[in-house]
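Chains as they are written, first to last, in my numbering: chain A, 1 to 298; chain B, 1001 to 1280; chain C, 2001 to 2286.
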Amino acid sequence: MFQRKWAKHWREESVKAGLFLCATVSVLTTFAIVWILIREAGVFFQDVAVSDFLFGTQWTPLFDPRSFGVLPLVCGTFLIVAGTALIALPAGLATSIYLSEYASSQTRSILKPVLEVLAGIPTVVYGYFALTFVTPLLRAVFPEVQIFNAASASIVVGIMVLPMVASLCDDTLRAVPASLRQGAYAVGATPVEVTLGVVIPSSLSGIMAAFVLALSRAIGETMAVTLAAGATPKMTMDPFVGIQTMTAYIVQVSLGDTPAGGIAYQTIFAVSALLFVITLTMNIFSSHLLRKFREVYE
Amino acid sequence: MNIIAHKKALPEKKLMDSKTMGKELSEKNNTEDIVLQVKDVTISYSGTPAVNNVSLKIPERRITAIIGPSGCGKSTLLRSFNRMNDFVPEATVEGQVLYRDIDLYASNVDPVEVRRKIGMVFQKPNPFPKSIFQNVAWGPLINGLRKDINERVEKSLRAAALWDEVKDRLKDSAMALSGGQQQRLCIARALAMEPEIILMDEPCSALDPVSTTRIEDLMYELKQQYTIVIVTHNMQQASRVSKFTAFFEAGNLVEFGETENIFTHPTNKRTEEYVTGRFG
Amino acid sequence: MISRSLTYRYWFARIFHGFCFVVAWAGVVILGILLFHVTCEGIQWFDLQFLSNFPSRFPEKAGIHSALFGTLWLMGFTALFSVPIGIGSGLYLEEFMHKNRFSRFIDLNISNLAGVPSIVYGMLGLVIFVRWFGLEQSVLAGSMTMSLLILPVIIISTREALRSVPNTIRQAAFALGTTRWQTTYAHVLPAALPGILTGIILALSRAIGETAPLVMIGALTYVAFTPEGPMDDFTALPIQIFNWASRPQQEFHELAAAGILVLLLALLMMNSIAVYIRHKSEKRNP
């Protein structure tokens, strides 16, 4: 009695095994990424010292005299991210404040889908927009702006990332309990004081998590910067000149005819590895911040 | 039931612990066939015991009620009978839970098979978001009982006193039924599997009084064929329908006996306090 | 005294409200400008000829035919790979796996994968699918790479859809003596299906616009044919757009805009289907 029916049991176990195999794909993907990056970047680092790579300020791997200092690419990426942060973080936060504290449900029902659409527009479209609309606009205002420049790429990446910031911050702000807000109103504070003085400080780690995640996305952004920011790596803080980001460099080599296997080609793996490490660190940091936020409110 | 009046007539008995209680009831229930039994069972959630060293015998084809204040472990014990506690990873079961002579927690016992024989009706009616027919038919069909499925569905709905109300709309969604009808549908669904024992976890607590009465009448009819164990915090319900009652408090079995005795002259002081409404 | 500081506070409150209002609606305005700009630039080239021509050195003769069909082939195979694996993973992780340290590791793993830049997936596809598997620059290599890219998205949305199914349904089914797969297949999966489908459409919407991974695996930009099998070379809409936008001539920029219009239309169609599914499911289960 109550003995296991073996036919049924094996049918169940085989379905379970099939589903398990599906689940392993994602684990294998991570291992594959890590392993390949280590292996291929390892080939590169047999010829170039890690310190030369990480701290060198000349990036000319494709032609002589060859130099493999990655800092110009990192600097270019950083410039873009700084511009993005300037636009997307405050605007995204303000948008989320508007959505959660001020907007009527009717307004929300218009604004939220619009933000979703903005977020869903492919990055190549944003690159096109940067090149054909934003850059001419900037040049009309500041004539010294070059055709390829960091500023218009930053602006466009900022627009791209803004919905993400707004949506994540919106979730965060709504997770703050109403009782907290009501307590603040009860002592006679105006809505903005409640928001700035009570709600935001109590959701700080959630907001930080959103910021970090959005910037990580900006670092990994490829097509918009490739089209708009240029292919000339430099160590500069000037947003009006052309630069090259890590991602744009990888695209440049892939599109070109650098022979595979050579040291010049292997640079894309070294740069990919650096990119991966940076974004992974930021994503983990963001998850950590989000967990800290959730611990308080759930 | 005037407990106080009876109290004067009988001598006071000492408080009994579960072990002594177990011996007592094994003497009392000699004439009854025991279908379900727990021996020194302790069920803990992450180390904290919810059911504490309980021994209990459930007689066949009777209604046994488990009463007690909320949170005293009644539902936890009930769920151990059909291994529904397996779904709570923090729950550990020590001791023996026996169906006749078979240990339900033995390693060669398939819990899926256990649940075919021991059915359950839940506190809040939970029909599937499918048609009335599909609700009743799914269990048997999935378990290979495909022959005469229409007759089986009709038989179960009749046994659950729902057939007349739904026979013309078997294809309608079960979610369109009222609360009481949905609960009877859940009973029909359980009956369709032809179990031997039906466990009911506060089946009427989410229903109105009229539906409650209908289901109590239903229980009375069902007990001719099925063993029913019902957890309830409604004492009047327990005294109305059950033949045997077990009183639980804080995870311990305080007293077990014939319902009439439990409610008119309980041997334990706590039992008396509970059934007279002094607490709980 | 009190009334004056209150006046200042109210003024500050109003200004802040105004600021948030402007910023929030700026998003709508920017979207409008973007769409307007693209339409103005591209509409002149948007005709039947454009859809049926292959790319060419001459703007008047250039068309998006190969890119359009390349994208269709690519999306078809991407869905073929990513949907079963994604739903299967979601089912296993949500319904069959015990919650322990290993499962939390997998959760972390998946959310990290969701944040990996798409160009790293391109590199993965290059090494594994193009080189090791020897698939060269084929539709198969491209779609397998894309599948890995959108897999985390599908897994996450599948799990959320499964989580939203009330547990009472599962308990009721188990109490009848059925196995976990029987319960999941008959009751949980159907209830979660609208959410799962919406997630799939969202994931495919993301895939259709991704350029970087395809560039890395070497999808060609000058392709004058449409694929006829999964091993054929291909190009895709975003690649063609990128190619045209990278050229200095104004006409090619306008062609890029026309290509963008095609892409946006495709996205509009997909999202409308998703909205329709969500609407229908909400009607059934209010």
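Glycine included, C-beta positions come from ideal geometry on N, C-alpha and C.
All values reported here derive from a predicted model rather than from experimental measurement.
- prompt: Grouping DSSP H, G and I as helix and E and B as strand, with all else coil, what is Y1099/B?
  reply: Of the three classes helix, strand and coil, the one that applies to Y1099/B here is strand, per DSSP.
query: How is the beta strand (DSSP E) around I1198/B delimited, first residue to last?
result: I1197 to D1201
- prompt: On the three-state DSSP scale, how would you describe T24/A?
  reply: helix
field: C-beta atoms of T2235/C and A2067/C nearer than 7 Å
entry: yes
task: Output, in chain order, the set of chain A residues within a Cβ distance shorter than 9 Å of I1102/B.
output: M1 and F2
- prompt: Given that a residue counts as buried once 16 or more other Cβ atoms are within 10 Å of its Cβ, and exposed if not, what is N1150/B?
  reply: Exposed, because fewer than 16 other Cβ atoms sit within 10 Å of the Cβ of N1150/B.
message: On the CB-based measure, 16 or more other CB atoms within 10 Å of its CB, does C1186/B come out buried or exposed?
response: buried
- request: Flag G2042/C as yes if its beta-carbon sits less than 7 Å from any beta-carbon of chain A, otherwise no.
  value: So no, G2042/C is outside the interface.
- request: Please report the residue range of the alpha helix (DSSP H) in which S1075/B lies.
  value: K1074 to F1081
N- and C-terminal bounds of the alpha helix (DSSP H) containing D170/A: A150 to A175
task: Measure from the C-beta of F1263/B to each C-beta in chain A and report whether the shortest distance is under 7 Å.
output: no
- prompt: Based on the DSSP output, what are the partners of K112/A in its beta bridges?
  reply: Paired residues: none, contrary to the question.
field: First and last residue of the uninterrupted alpha helix (DSSP H) at F2069/C
entry: Run containing F2069/C: H2065 to L2091, per the alpha helix (DSSP H) assignment.
field: CA-to-CA distance, G1257/B to E1027/B, given in whole angstroms
entry: Any reading at E1027/B must be qualified, since the residue scores a pLDDT of 48, below 50, and its modelled position is unreliable; the value itself is stated next. For E1027/B and G1257/B, the distance between alpha carbons rounds to 11 Å.
field: Any 3 or more C-beta pairs closer than 8 Å across the stretch 56-68 of chain A and the stretch 132-139 of chain A
entry: Here the stretch 56-68 of chain A does not lie against the stretch 132-139 of chain A, with fewer than 3 beta-carbon pairs under 8 Å apart.
task: Have a look at D1217/B and I2169/C and give me their C-alpha separation to the nearest angstrom.
output: Each residue's Cα considered, the two are about 26 Å apart.
- prompt: Using a C-beta cutoff of 7 Å, does G2177/C count as contacting chain B?
  reply: yes
message: Rounding to the nearest angstrom, what Cα-Cα distance links L2189/C and L2162/C in this structure?
response: 7 Å
CA-to-CA distance, I2277/C to G2195/C, given in whole angstroms: 9 Å
message: Tell me which residues share the same chain as D238/A and place their Cβ nearer than 7 Å to its Cβ, disregarding the 5 neighbours each side in the sequence.
response: none
- prompt: Quick one, which of T1264/B, D1110/B, N1268/B and L1253/B has its alpha-carbon nearest N1052/B's?
  reply: L1253/B
query: Is it true that the CB of A1192/B sits closer than 7 Å to the CB of V1136/B?
result: yes
field: For F68/A, the nearest candidate out of V296/A, D171/A and I263/A (CA to CA)
entry: Of the candidates V296/A, D171/A and I263/A, the one whose C-alpha sits nearest the C-alpha of F68/A is I263/A.
query: Helix or strand or just coil, what does DSSP make of G1022/B?
result: In this prediction, G1022/B has a pLDDT of 47, which is less than 50 and means its spatial position is unreliable; what the coordinates show is noted afterwards. If DSSP states are grouped into helix, strand and coil, G1022/B belongs with the helices.
message: Distance cutoff 7 Å, beta carbons only. Does R1270/B sit that close to anything in chain C?
response: no
- prompt: For E1113/B, is the beta carbon positioned less than 6 Å from some heavy atom of the ligand NAD?
  reply: This structure lacks the ligand NAD, and indeed carries no ligand of any kind.
- prompt: Hey, is D1040/B's beta-carbon within less than 7 Å of any beta-carbon in chain A?
  reply: no
- prompt: Could one say the Cβ of K1007/B lies closer than 7 Å to chain C's Cβ atoms, at least one of them?
  reply: Residue confidence for K1007/B is low, a pLDDT of 41 falling below 50, so the modelled location carries little weight; the figure read from the coordinates is stated next. Chain C contact via Cβ: absent.
- request: Would you please verify whether the beta carbon of E1113/B is less than 7 Å from any beta carbon of chain A?
  value: yes
- prompt: By Cβ distance below 6 Å, which residues in the same chain neighbour A2207/C in space, the five residues on each side in sequence not counted?
  reply: T2078, M2146 and I2150
- prompt: When the cut-off is 7 Å and only beta carbons count, does T2039/C lie next to chain B?
  reply: no
message: Going by the DSSP bridge assignment, what does T1042/B pair with across the sheet?
response: T1042/B pairs with E1094/B.
task: Using DSSP bridges, identify the partner residues of G1257/B.
output: T1245/B
field: Straight-line gap, E12/A to M2097/C (C-alpha atoms, nearest Å)
entry: 14 Å
Strand pairing of S1173/B, partner residues [DSSP]: S1131/B
query: When the cut-off is 7 Å and only beta carbons count, does L168/A lie next to chain C?
result: no
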